[in-house]
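Inspection log for the structure reproduced underneath, given as structure tokens.
Number of protein chains: 2
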Amino acid sequence: MADIRQTAVRNNLLRLTSPTSFSAIAAHLKPVDLPRGFELSEPHEAAEYAYFPETGIASIVARSPQGQHAEIGIFGRDGMTPAAVVLDAGSDPFSIFMQVQGDGFRISTELLKSLLDRDADLKNLLGRYVQALSVQGAFTSLSNAVHHIDERLARWILMCHDRTDGDEISLTHEFLSIMLAVRRPSVTTALHVLEGRKLIYSERGMIIVRDRPALEQFAADAYGESEREYFRLLGPYN
Amino acid sequence: MADIRQTAVRNNLLRLTSPTSFSAIAAHLKPVDLPRGFELSEPHEAAEYAYFPETGIASIVARSPQGQHAEIGIFGRDGMTPAAVVLDAGSDPFSIFMQVQGDGFRISTELLKSLLDRDADLKNLLGRYVQALSVQGAFTSLSNAVHHIDERLARWILMCHDRTDGDEISLTHEFLSIMLAVRRPSVTTALHVLEGRKLIYSERGMIIVRDRPALEQFAADAYGESEREYFRLLGPYN
DNA sequence: ACCCCTTTGTCTGATACCGTACCGAGTGGG
DNA sequence: CCCACTCGGTACGGTATCAGACAAAGGGGT
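This is the structure we're talking about:
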């Protein structure tokens, strides 16, 4: 495979590795397309590959025995999967799949694991990411418990916006309803609220951020904490 | 300090360390009382000590900027704090405090950190615990999103019961309302439901588990997944 | 015994969200 | 160009939970 220059990489974790760590990893990274719906990891199965997205957004979803589900976190070029590699856990009980199409790199989990065992700095870096991710999950939990649907929707749009290049985010109400663990019609009405306040445009299969500062203000209490924690641990990712 | 024999220890993580790892840690462990309300870690502050409870229950709570709060996880003799030590993160944005009085061991975080740097097995062990904890958080998130208050209450009572010796759990409705992120009167009525079904007794400042199997059945979809994940990673803890 | 304070029980009205159903509008394939 | 299918909008009744207030009950201290 062709050489990968660290300065050309967009994934924040890969950018933050030391040059020596990077070249050790880079030799095994393979560029991959990440189409919408692509499964990065399946529940209770050891993933064959670890992924570092360059673009696009992936979603981590927990499912209950009776089939209820809720999103517990998202990541794009700020993250990687699976966290279980970093934590010596083998697998995890989540579905992780692409929600907004993109691309990135993959590496065999076995290989990554052995690199981590020999490279404490790298392991610490990914450890900090795991913390950022679980803090994100914690605030999702809080949000699910105490915030209204439109605020949670605003939070969610902001988190996606952080991880995309333009202002356009391509997804359906159906999809959003799964992410927020609400009914599909509730998404429709919540989107109308945001649209009515001129914070976004909403089209078929597409949400366009129109006034980001106002959107942040609207999300208010729901957005920000986990982003600050990421920044503290790993700096900016866009 | 007196010698601590590993076989006499009740904390599951300490029990699972290799004998050599254990003796390295044990030399620095100091027994401590953990009274109700004791702060194991404060938000955004580097904890001075790591704690390994032997008895009692601690609660991890996330707080939003506007002061809303919700519990994202609990642990007792199954766990330790802070996870941030394991993940090279320094601090985390949560309040962690004793909810049911108990006792345990503490060790300086600095010391634990340096032990972890030299002992990969120990680091992996605690890594697996961190995964178990964040899975617990994820299912809390799911539960907050989709389950009714009485089911969530049942789940919560079961999780506490797992971590205590008898069938008595000592806490007030006020406390429970914080944990479940609901109004206090909602707790009262939810407890009445469980009591009416003869699953628990409820007294002033005290909940007594009366029929655990039936309680599990009642909690149904809300309870079990994160416990299975803990078991897979770290075995039984009671 | 009394008082005070904590804890628990209950009420009333309001509302956010649900379950379900149905229909219109956009879109892509033959 | 039309059909089939996906996606989005809307409506209706029902209910879980909220917000806030107040009253009763338990328990400890002097």
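Those protein sequence lines, which keep their order, are chains A and B.
Under the numbering used here, the first residue of the first sequence is numbered 40, with each subsequent residue one higher.
Under the numbering used here, the first residue of the second sequence is numbered 40, with each subsequent residue one higher.
We put the beta carbon where it would ideally sit given N, CA and C, even for glycine.
Note that the coordinates shown come from a computational prediction; the quantities given were computed from them, not determined experimentally.
- Item | A109(B) - containing beta strand (DSSP E), residue span | Position 70 of the second sequence, counting from 1, holds the residue named residue 109(B). Here the beta strand (DSSP E) through A109(B) covers 108 to 114.
- Query: How would you write the range of the beta strand (DSSP E) that G235(B) sits in, first residue to last?
  - Reply: In the second sequence, the residue the question calls residue 235(B) occupies position 196. Looking at the DSSP string, G235(B) is not in any beta strand (DSSP E); the run it does join, the alpha helix (DSSP H), is 223 to 235.
- Query: How about A258(B) and A171(B): do their beta carbons lie closer than 7 Å?
  - Reply: Locating residue 258(B) in the second sequence gives position 219, where the first residue counts as 1. Locating residue 171(B) in the second sequence gives position 132, where the first residue counts as 1. No, these two residues do not count as a Cβ contact at 7 Å.
- Closer than 6 Å by C-beta to E110(B): which residues in its own chain qualify, once you throw out the five before and the five after it? Chain order, please. Working through the second sequence from its first residue, we reach residue 110(B) at position 71. Counting only Cβ-Cβ distances below 6 Å, and skipping sequence neighbours, we find S98, V100, M218.
- Task: Tell me, to the nearest whole angstrom, how far the beta carbon of L197(A) is from that of E255(A); I am working on the premise that it is less than 8 Å.
- Result: The sequence position of residue 197(A) within the first sequence is 158, counting from 1. The sequence position of residue 255(A) within the first sequence is 216, counting from 1. Their Cβ separation, rounded to whole angstroms, is 6 Å, which keeps L197(A) and E255(A) in contact under 8 Å.
- Task: Output the boundary residues of the beta strand (DSSP E) element that contains E93(B).
- Result: Numbered from its first residue, the second sequence carries residue 93(B) at position 54. That run of the beta strand (DSSP E) goes 88 to 102.
- Please list, in chain order, all residues of the same chain as Q138(A) whose beta carbon is under 6 Å from its beta carbon, the five residues on each side excluded. Counting from one through the first sequence, the residue named residue 138(A) turns up at place 99. Within the same chain, Q138(A) has close Cβ partners I96, S98.
- So which residues on chain A does G274(B) lean against when the C-beta distance must stay under 9 Å? Walking along the second sequence from the start, residue 274(B) turns up at place 235. Within 9 Å Cβ-Cβ: nothing; G274(B) doesn't reach chain A, min ~14 Å.
- Message: At the level of alpha carbons, what is the spacing between A229(B) and E78(B)?
- Response: On the second sequence, position 190 is the one that residue 229(B) refers to. On the second sequence, position 39 is the one that residue 78(B) refers to. If I take the Cα positions, the gap works out to 28 Å.
- Message: Between R157(A), Y90(A), F144(A), which has its C-alpha nearest D42(A)'s C-alpha?
- Response: Position 3 of the first sequence, counted from the start, is the residue given in the question as residue 42(A). That would be F144(A), whose Cα lies nearest to the Cα of D42(A).
- Message: Please classify T148(B) as buried or exposed, where buried requires at least 16 neighbouring CB atoms within 10 angstroms.
- Response: The residue given as residue 148(B) occupies position 109 in the second sequence. Result: buried.
- Which residues, in order along the segment 130 to 160 of chain B, keep a beta-carbon less than 9 Å from a beta-carbon of chain A? S130, D131, P132, F133, D156, A159
- Taking D260(A) as the reference, which of I188(A), S216(A), T120(A) has the closest Cα? As a first step, residue 260(A) must be located in the first sequence, where it is residue number 221. It is I188(A).
- Looking at the unbroken alpha helix (DSSP H) that takes in F214(A), where does it start and where does it end? Translated into positions along the first sequence, residue 214(A) becomes position 175. That run of the alpha helix (DSSP H) goes 212 to 219.
- Continuous beta strand (DSSP E) stretch holding E255(B): start and end: Along the second sequence, one-based indexing puts residue 255(B) at 216. Premise fails: E255(B) lies in the alpha helix (DSSP H), 251 to 258, not in any beta strand (DSSP E).
- Message: So, at 6 Å on beta carbons, what are the nonlocal neighbours of Y269(B) in its own chain, with the 5 sequence-adjacent residues on each side left out?
- Response: The count along the second sequence starts at 1 and reaches residue 269(B) at position 230. Answer for Y269(B): A171, listed in chain order.
- Query: Which residues, in order along the segment 166 to 186 of chain B, keep a beta-carbon less than 9 Å from a beta-carbon of chain A?
  - Reply: G166, R167, Y168, V169, Q170, A171, L172, S173, V174, G176, A177, F178, T179, S180, L181, S182, N183, A184, V185, H186
- Proximal chain A residues relative to P104(B), where beta-carbon distance stays under 9 Å: Reading the second sequence from its first residue, position 65 is the one you call residue 104(B). Within chain A, the residues near P104(B) are A259, D260, G263, E264.
- Message: When you compare the CB positions of I146(B) and E207(B), do they come within less than 7 Å of one another, or not?
- Response: Numbered from 1 along the second sequence, position 107 holds the residue referred to as residue 146(B). Numbered from 1 along the second sequence, position 168 holds the residue referred to as residue 207(B). No, the Cβ-Cβ distance between I146(B) and E207(B) is not below 7 Å.
- Query: Do you know offhand how far L55(A)'s Cα is from L155(B)'s?
  - Reply: On the first sequence, residue 55(A) is found 16 positions in, with the first residue counted as 1. On the second sequence, residue 155(B) is found 116 positions in, with the first residue counted as 1. Taking the straight line joining both Cα atoms gives about 23 Å.
- Query: Taking 7 Å as the CB-CB limit, is L192(B) close to chain A?
  - Reply: Counting from one through the second sequence, the residue named residue 192(B) turns up at place 153. Not one chain A Cβ lies under 7 Å of L192(B).
- Message: Just list the residues that DSSP pairs G143(B) with in beta bridges.
- Response: Indexing the second sequence from 1 puts residue 143(B) at position 104. Per DSSP, V71(B), P92(B).
- Item | Rounded Cβ spacing between L53(B) and Q140(B) (contact assumed at less than 8 Å) | Residue numbering aside, residue 53(B) sits at position 14 when the second sequence is read from its first letter. Residue numbering aside, residue 140(B) sits at position 101 when the second sequence is read from its first letter. In fact, because the Cβ distance is near 20 Å, the residues do not count as touching under 8 Å.
- Q105(A), buried or exposed, once every other Cβ within 10 Å from all chains shown has been counted against 16: For this step, residue 105(A) is matched to residue 66 along the first sequence. Exposed: under 16 other Cβ atoms inside 10 Å.
- Query: Considering Y262(A), what are the terminal residues of the beta strand (DSSP E) in which it resides?
  - Reply: For the purposes of this step, residue 262(A) is taken as the residue at position 223 of the first sequence. Premise fails: Y262(A) is in no beta strand (DSSP E) and is neither H nor E.
- Query: So, do the segment 170 to 186 of chain B and the segment 199 to 216 of chain B have three or more beta carbon pairs nearer to each other than 8 Å?
  - Reply: no
- Query: Which first and last residues belong to the beta strand (DSSP E) in which M198(A) is found?
  - Reply: Here residue 198(A) is taken as the residue at index 159 of the first sequence, counted from 1. Unbroken run through M198(A) is the alpha helix (DSSP H), 188 to 201; no beta strand (DSSP E).
- Query: What does a CB cutoff of less than 6 Å around L165(B) pick up in its chain, not counting 5 residues either side in sequence?
  - Reply: Here residue 165(B) corresponds to residue number 126 of the second sequence, with the count starting at 1. If we look at L165(B) and ignore the five residues flanking it on each side, its Cβ neighbours are V125.
- Task: Using a Cβ cut-off of 7 Å, pull out every chain A residue sitting near D127(B), in sequence order please.
- Result: Along the second sequence, read from residue 1 onward, the residue named residue 127(B) stands at position 88. Correct list: N163, G166, R167.
- Message: Against chain A, does I111(B) count as a neighbour if the rule is that its beta carbon must be under 7 Å from one of theirs?
- Response: One-based indexing of the second sequence puts residue 111(B) at position 72. It does; some Cβ of chain A falls within 7 Å.
- Where do the ends of the alpha helix (DSSP H) carrying D150(A) lie? Indexing the first sequence from 1 puts residue 150(A) at position 111. In the sequence as presented, Asp is not what sits at residue 150(A); that position holds Leu. 148 to 157 is the span of the alpha helix (DSSP H), which, as asked, contains L150(A).
- Query: Going by other Cβ atoms of all chains shown within 10 Å of its Cβ, with 16 needed for buried, is N50(A) buried or exposed?
  - Reply: Translated into positions along the first sequence, residue 50(A) becomes position 11. Result: buried.
- chain B partners of E268(A), CB-CB under 7 Å? Locating residue 268(A) in the first sequence gives position 229, where the first residue counts as 1. Neighbours of E268(A) on chain B, chain order: P132.
- Query: Nearest chain A C-beta to Q107(B) closer than 7 Å, yes or no?
  - Reply: Within the second sequence, the letter at position 68 stands for residue 107(B). Chain A, which has a Cβ nearer than 7 Å to the Cβ of Q107(B), makes this yes.
- Along the alpha helix (DSSP H) that carries S130(A), what are the first and last residues, could you check? Reading the first sequence from its first residue, position 91 is the one you call residue 130(A). From DSSP, S130(A) is part of no alpha helix (DSSP H); its letter is neither H nor E.
- Please list, in chain order, all residues of the same chain as F178(A) whose beta carbon is under 7 Å from its beta carbon, the five residues on each side excluded. Numbered from 1 along the first sequence, position 139 holds the residue referred to as residue 178(A). Hits under 7 Å: E264, S265.
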